[in-house]
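Colleague: Okay, so the sequence shown: first residue is 348 according to my numbering, each after it adds one.
Each residue gets a CB set at the ideal place from its N, CA and C atoms; glycine is no exception.
This one's a predicted model, so the numbers in the text were calculated from it and none came from an experiment.
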Amino acid sequence: MNDIETPAGLSGNAEPAWGSDTMAQAVRNLGYKYVALNPGASFRGFHDSLVNFLGNRDPQMILCLHEDHAVSIAHGYAKAAGEPMAVVLHSNVGLMHGSMGIFNAFCDRVPVMVLGATGPVDAAKRRPWIDWIHTAQDQGGLIRNFIKWDDQPASVEAAIESIYRANKIARTAPCGPVYVCLDADLQELQLGAPIVPPEAHRFAASDAPRPGDDALRAATAFLDGGRRPAILSGRFERTQAAWDARVALAEKLGAVVFTDFKAGATFPTDHPQHGGSIQFLNDKQKEVLRACDVILSLDWIDLAGTLGQAWPDKDVSASIIHASIDEYAHNGWSMDHQGLPPVDVTLLSPPDEAVPLLTAMLSPRKNVLAVAHKVAPDDPDSAGKLTLDHVAVALKKIVKEDPVSLVRLPGGWPGDRWPFTGPLDFFGYDGGGGIGSGPGMAIGSALALKDSGRLAVAVIGDGDFLMSVNAFWTAAHYKIPLLTIVANNQSYFNDEMHQDRVARARGRNPENRWIGQKITDPNPDLAKLAEAQGLVGIGPINTSDELTTAIAEGVAVLRDGGICVIDVRVGPRGATAATMIGRR
Ligand SMILES: Cc1ncc(C[n+]2csc(CCOP(=O)(O)OP(=O)(O)O)c2C)c(N)n1
Ligand SMILES: [Mg+2]
């Protein structure tokens with residue numbers, strides 16, 4: 348990690364002397380390594396405590412050029428590290444900037460400790476003008492619909508409890524972001540005597556519940572009785588043990604296993620029982636699913652939507668077992684709960700609690716259903732425009748057997764060219780479909796992987812990249828190794844397709860679909876935007892030969908601990924979020 352931000356001349360008081368010293372100490376006690384932020388006067392007391400009381404270590408500040416990057420970095424970090432990062436957002440304005448990232452993390456069930464500030468709440472203490480516009484009544488109300496919990500403590504003692512409670516709630520399944528708003532006046536309160544937060548171990552997150560015995564027995568009976576079982580492998584604990592347990596269950600059950608890019612790598616996609624990745628089901632997948640008589644959903648995101656595609660008449664003939672605790676996150680504001688699926692047995696627990704229990708209870712099977720393994724596709728055609736196929740093939744050729752974590756992927760990524768063989772191969776999408784989170788999330792995941800020996804590679808659409816291009820300054824500043832390949836179709840292509848569909852449906856001219864969508868004239872110079880922030884920038888790349896050379900150079904930079912962006916000009920369908928976000 349970059350050491351340029353080591354404070355000089357610490358005053359050295361060992362005990363908290365100001366309100367915000369106690370608050371910062373509480374965050375340290377909980378084990379937070381980093382706190383991502385963009386500065387603001389509403390938390391100048393807290394900022395001072397991080398620097399001059401804690402010495403900018405444990406947690407260390409990660410300076411961001413926009414609050415949305417700060418939240419996205421924390422989101423991406425938690426996905427890869429398996430533990431949350433803290434974020435500080437300045438009063439109401441920083442909170443508004445950070446709110447999309449908070450929504451994404453909420454929908455993704457990822458913990459983020461969001462600290463905020465307001466005030467002084469006591470009007471008599473406000474500075475003229477600025478303190479008034481940056482003080483809001485019930486500030487947490489701005490984001491309360493898409494966080495798990497929030498508070499605005501009214502004393503330093505209450506702030507300790509609030510920070511500890513927020514941490515516990517964020518990390519208890521189903522996980523999610525939390526918000527603690529720290530009154531500016533309390534932060535700047537000089538303590539008469541030190542207020543020292545207690546050790547944190549008695550305030551740890553609660554263990555995830557295991558499913559009830561009756562439900563387990565009922566699920567086992569359905570699975571033992573089924574002739575053609577399927578597993579829908581959804582939200583995942585992202586550990587090797589959970590990975591191995593899913594494989595053991597699938598093999599004992601002889602089930603065909605479908606995976607979901609939204610959930611990341613959850614099952615080996617080169618396993619003979621892998622039936623493919625599902626978003627919008629193709630005809631073959633519909634056929635395979637309809638032939639199944641029992642389906643085990645491991646917290647499959649949008650189970651009702653998937654079943655509805657296979658059984659459009661809604662008469663689902665298969666028995667459905669759903670291992671999920673997600674209903675505890677549903678609040679009626681956000682429809683991220685998706686449709687209500689028909690379920691015969693609910694295993695009310697995070698899925699990876701249920702998996703080994705089911706495996707132990709199942710009877711061994713005589714006929715294991717093996718799915719014909721997919722044949723590797725031919726090399727992509729090198730005559731036309733570049734595609735994501737070219738990117739995947741060229742990258743594989745260069746990295747060979749080195750472990751790679753794909754820290755961001757666009758929709759349309761050719762999974763058959765890049766088998767997932769372990770839990771850290773891919774961390775999944777953004778949860779809430781909020782574009783612009785790509786750079787921040789990639790940087791956060793790359794920060795978690797720093798020193799892990801894994802290569803962090805992001806493939807990002809040009810629209811997503813440009814919305815948060817200045818997030819990369821943070822990667823350069825803190826020397827976070829990352830290779831970003833921009834799948835640059837010079838358009839918000841997903842939405843071009845929407846305009847195409849609407850025009851056709853209305854009998855109008857679909858050729859106009861590009862208007863208000865194309866990112867050309869002038870063409871943003873993506874390599875220069877990278878270079879301007881201290882990264883290595885390569886491109887634009889137009890041919891497969893150029894691509895191989897560019898990726899070799901980019902991977903060399905990455906292996907050397909550097910940060911590189913490659914601008915790859917792809918055809919219109921080369922990068923498309925359409926399969927991920929678009930409405931058909
Ligand atoms: C914050 C936000 N703004 C707008 C959208 C709508 N939207 C969905 S996909 C998309 C295009 C993204 O462009 P790009 O990353 O280049 O991917 P492409 O569709 O071109 O493959 C847009 C604008 C969104 N999902 N989120
Ligand atoms: Mg694009």
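#1: Would I648 pass as a contact of K609 if the rule is Cβ separation under 9 angstroms?
#2: Looking at the structure shown, is A925 part of a helix, part of a strand, or coil, going by DSSP?
#3: Quick one: is the Cβ of F812 within less than 8 angstroms of any heavy atom of ligand 1?
#4: Nearest-angstrom Cα distance between L596 and L705?
#5: For ligand 2, is there a heavy atom less than 8 angstroms away from the beta-carbon of N836?
#6: Between the alpha carbons of T890 and E900, how many angstroms are there, rounded?
#7: The alpha helix (DSSP H) with A427 in it runs from where to where?
#8: Distance check for E546 and V831, CA to CA, integer angstroms please.
#9: For the region 475-509, list the beta strand (DSSP E) runs that are entirely contained and at least 3 residues long, ordered along the chain.
#10: How far does the beta strand (DSSP E) with L905 in it extend, from its first residue to its last?
#11: Helix, strand or coil for Q656 per DSSP?
#12: Any heavy atom of ligand 2 within a distance shorter than 8 angstroms of the CB on D777?
#13: Roughly how many angstroms separate the alpha carbons of D498 and P467, rounded to a whole number?
#14: Give the secondary structure of T706 by DSSP, where H, G and I count as helix, E and B as strand, and everything else as coil.
#15: Runs of 3 residues minimum, wholly inside the region 562-632: which ones carry the beta strand (DSSP E) assignment?
#16: Hey, out of T369, P406, E362, D395, whose CA is closest to V962's CA?
#17: Heavy atom of ligand 2 less than 8 angstroms from the Cβ of G808, yes or no?
#18: Look up D872 in the DSSP assignment and say whether it is helix, strand or coil.
#19: Using the three-state DSSP reduction, which class does M408 fall into: helix, strand or coil?
#20: If we cut at 9 angstroms on Cβ distances, does I510 have a partner in chain B?
#21: Kindly list the residues whose CB is nearer than 6 angstroms to the CB of H845, restricted to its own chain and excluding five residues on each side of it in sequence; keep chain order.
#22: List the whole-angstrom C-beta distance separating G423 from G791, where the pair is believed to meet the contact cut-off of C-beta under 8 angstroms.
#23: DSSP on P386, reduced to helix/strand/coil?
#24: P475: buried (16+ other C-beta within 10 angstroms of its C-beta) or exposed?
#25: Taking a contact to mean a Cβ-Cβ separation below 9 angstroms, would you say A805 touches L829 in this structure?
#26: So does I888 have its beta carbon nearer than 8 angstroms to some heavy atom of ligand 2?
#27: Excluding the five sequence neighbours on either side, which residues of its own chain have a C-beta within less than 6 angstroms of the C-beta of W590, listed in chain order?
#28: My understanding is that N399 touches T353, with C-beta atoms under 8 angstroms, so please give their C-beta distance in whole angstroms.
#29: Comparing C-alpha positions only, which one of A517, A505, H548, M443 sits nearest to L529?
#30: Is any non-hydrogen atom of ligand 1 found closer than 8 angstroms to the C-beta of M682, if you look at the structure I gave you?
#31: How do the region 538-554 and the region 562-577 stand: do at least 3 beta-carbon pairs fall below 8 angstroms, yes or no?
Modeller: Once the coordinates are examined:
#1: yes
#2: With a pLDDT of only 40 at A925, under the threshold of 50, the placement of this residue in the model should not be trusted; the figure read from the coordinates follows. DSSP places A925 in coil when its eight states are reduced to three.
#3: yes
#4: 7 angstroms
#5: yes
#6: 15 angstroms
#7: 414-428
#8: Sequence check: residue 831 is Thr here, not Val. Rounded to the nearest angstrom, the two C-alpha atoms are 40 angstroms apart.
#9: 496-498
#10: Premise fails: L905 lies in the alpha helix (DSSP H), 891-906, not in any beta strand (DSSP E).
#11: helix
#12: no
#13: 16 angstroms
#14: helix
#15: 576-580, 603-606, 621-624
#16: Residue 962 cannot be examined here, being either before or after the span of the chain that is shown, 348 to 931.
#17: yes
#18: coil
#19: strand
#20: In summary, chain B is missing from the structure at hand, where a single protein chain is found.
#21: none
#22: 3 angstroms
#23: coil
#24: exposed
#25: yes
#26: no
#27: P770
#28: That pair is no contact at about 12 angstroms.
#29: A505
#30: no
#31: no
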